[in-house]
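Q:
Residue numbers (my numbering): 6 to 342.
(1) Strictly by DSSP, which residues pair up with residue 216?
(2) I believe residue 417 touches residue 127 by the beta-carbon criterion, under 8 angstroms. Please report the beta-carbon distance rounded to the nearest angstrom.
(3) Between which residues of its own chain and residue 254 is the CB-CB distance below 7 angstroms, once the five residues before and five after are set aside?
(4) Out of 70, 213 and 189, which has the shortest C-alpha to C-alpha gap to residue 231?
(5) Verify whether the separation of the beta carbon atoms of residue 85 and residue 18 is less than 8 angstroms.
(6) Taking the C-alpha atoms as reference points, what is the distance between residue 45 and residue 115?
(7) To which residues of the same chain is residue 111 closer than 6 angstroms at the C-beta, ignoring the five residues directly before and after it?
(8) Using the DSSP secondary-structure output, state which residues sit across from residue 256 in a beta bridge.
(9) Assign residue 58 to buried or exposed, taking buried as 16 or more other Cβ atoms, counted over all protein chains shown, within 10 Å of its Cβ.
(10) Tell me, which residues are paired with residue 72 by DSSP?
(11) How many angstroms separate the CA atom of residue 182 from the CA atom of residue 161?
(12) So is residue 36 buried or exposed if we call it buried at 16+ other beta carbons inside 10 Å?
(13) For residue 345, which of 209, 259, 205 and 130 has the nearest alpha-carbon?
(14) Can you tell me the Cα-Cα spacing of residue 68 and residue 52, whole angstroms?
(15) Contact between the segment 267-280 and the segment 318-329: three or more CB pairs below 8 angstroms?
(16) Which parts of the segment 87-173 are runs of the alpha helix (DSSP H), unbroken and 4 residues or longer, counting only runs that do not cross its ends?
(17) May I ask you to verify whether the segment 298-305 touches the segment 198-218, counting CB pairs closer than 8 angstroms and requiring at least 3?
(18) Which residue from 307, 55, 273 and 244 puts its Cα closest to that of residue 23?
(19) Considering only residues of the same chain and omitting the five flanking positions on each side of residue 244, which have a CB-CB separation below 7 angstroms?
(20) Going by DSSP, what residues sit across from residue 16 in a beta bridge?
(21) Going by CA-CA distance only, name the one from 113, 108 and 192 that's closest to residue 78.
(22) DSSP three-state label for residue 30, please.
(23) What distance in whole Å lies between the Cβ atoms of residue 48 and residue 76, which are believed to be in contact at a cut-off of 8 angstroms?
(24) Please state the DSSP three-state secondary structure of residue 329.
(25) In chain order, what residues of the same chain lie with their CB nearer than 8 angstroms to the CB of residue 332, ignoring the 5 residues before and after it?
(26) Determine the closest residue to residue 170 out of 208, 261 and 117, with distance taken between C-alpha atoms.
(27) Which same chain residues end up closer than 6 angstroms to residue 288 when comparing Cβ atoms and leaving out the 5 residues on each side of it in sequence?
(28) Can the beta-carbon of residue 1 be found closer than 8 angstroms to that of residue 144?
(29) According to DSSP, is residue 210 helix, strand or coil?
(30) Under the three-state reduction of DSSP, which class applies to residue 291: helix, strand or coil?
(31) Give me the Cα-Cα distance between residue 168 and residue 131, rounded to the nearest whole angstrom.
(32) For residue 193, which of helix, strand or coil comes out of DSSP?
(33) When burial is assigned at 16 or more other CB atoms within 10 Å of the CB, is residue 100 buried or exposed?
(34) Using the C-alpha atoms, what's the distance from residue 155 back to residue 95?
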């Protein structure tokens, strides 16, 4: 074990996390993999967080404390990445808990699978209040998306990677860049960018992280994590995906003719995508656009379909219907929301 030559660099930014930081750090000390460094990045904390971090650096040379003055988890994470000396980089949030074998299992996977650039895993959702219980539906879904092909095909539904559950080869960030600043969720943008550049990732079938979900989580309190911000950034990368993979580019059919679906799909037009028609499950809807009743959906050699249906049950039914008509996900259709 050596501080100078760690196998894994754990990047752990924090801001006013005195209630949870010790728990998060302890979960790293309890890892079965001992050859790591943990870079603690203070992002202008005004509580006792810095003292907690300092105490750990005094007890264990594998822990390093640095400071990032520019406010934001994106800036703190990037600063930590620049200081990383490990072959692999693992992200960690200050309110979460890594399972004891996380670093060992993930680094072993990357050791044994040189064709993969990154690896994640399942997470356990821990709700802190009634307001956060609904997020469990997302966690159930994201845990079900595991293989590389599934991740590719589902990348525009929701964020397919729980950021603090991931580990990647250090050179991946050096090649493709780390988190970028903008009016978008920085982790989702990074994963979409990396996937678009050919990054290969899968998830372990085991739970690697206890994902604590509080009312004050940034995804609940900052506008860059709003639905609008998600759709804007996913549309940018979806348009690039369609240019490469849609055999009928730039034309697409949109499954979902509601006002919300139309508004979200319209974002594509700024990238030169043409909406050929809408597919609807209701007869008689009137629009200034061609509408096809879903039972009259043409064969897959005629159109490429994007589904803009948010409800999970309805989304599953649509997928079953399209599969039954000979459509293949990622080839003739794609789920978008």
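We treat Cβ as the ideally placed atom computed from N, Cα and C, and that holds for glycine.
A: If we stick to the structure as given:
(1) According to DSSP, residue 216 bridges with 130.
(2) Within the shown structure, residues of the chain are numbered from 6 to 342, placing residue 417 beyond reach of any answer.
(3) Sequence-distant partners of residue 254 (beyond 5 residues in either direction) whose C-beta falls short of 7 angstroms from its own C-beta, in its chain, are 247 and 248.
(4) Comparing alpha-carbon positions, the option among 70, 213 and 189 lying closest to residue 231 turns out to be 189.
(5) Contact: yes.
(6) Approximately 24 angstroms, taken between the alpha carbons.
(7) Hits under 6 angstroms: 124 and 172.
(8) Answer by DSSP bridge pairing, in chain order: 279.
(9) Burial is judged here by how many other beta carbons sit within 10 angstroms of a residue's own beta carbon; residue 58 has at least 16 and is buried.
(10) The partner list for residue 72 (beta bridge, DSSP) reads 47.
(11) When rounded, the distance between both Cα atoms is 21 angstroms.
(12) Flag for residue 36 reads buried.
(13) In the structure as shown, the chain starts at 6 and stops at 342, and residue 345 therefore has no counterpart that could be examined.
(14) Roughly 20 angstroms between the two C-alpha positions.
(15) Contact check between the segment 267-280 and the segment 318-329: fewer than three CB pairs, one atom from each, fall below 8 angstroms, which does not count as touching.
(16) 107-117, 140-149 and 153-159, all fully within the segment 87-173.
(17) The segment 298-305 vs the segment 198-218: no contact.
(18) Looking at 307, 55, 273 and 244, the one whose alpha-carbon comes closest to that of residue 23 is 55.
(19) Answer for residue 244: 273, 276 and 278, listed in chain order.
(20) In DSSP, residue 16 forms a bridge with 44 and 96.
(21) Checked all of 113, 108 and 192; the closest Cα to residue 78 is 192.
(22) Three-state result, residue 30: helix.
(23) With a Cβ gap of about 6 angstroms, residue 76 and residue 48 count as contacting.
(24) Residue 329 falls in the helix class under three-state DSSP.
(25) Once the five neighbours on either side are set aside, the close Cβ partners of residue 332 are 305, 310 and 338.
(26) Out of 208, 261 and 117, 208 has the C-alpha closest to the C-alpha of residue 170.
(27) Closer than 6 angstroms at Cβ, skipping near neighbours: 298.
(28) Outside the displayed range of the chain (6 to 342) lies residue 1, so it cannot be described from this structure.
(29) Looking at residue 210 - three-state DSSP - the assignment turns out to be strand.
(30) If DSSP states are grouped into helix, strand and coil, residue 291 belongs with coil.
(31) Between the alpha carbons of residue 168 and residue 131 lies a gap of roughly 16 angstroms.
(32) Per DSSP, reduced to three states, the secondary structure at residue 193 is helical.
(33) Residue burial is scored here from C-beta neighbours: residue 100 has at least 16 other C-beta atoms within 10 angstroms and is therefore classed as buried.
(34) Approximately 22 angstroms, taken between the alpha carbons.
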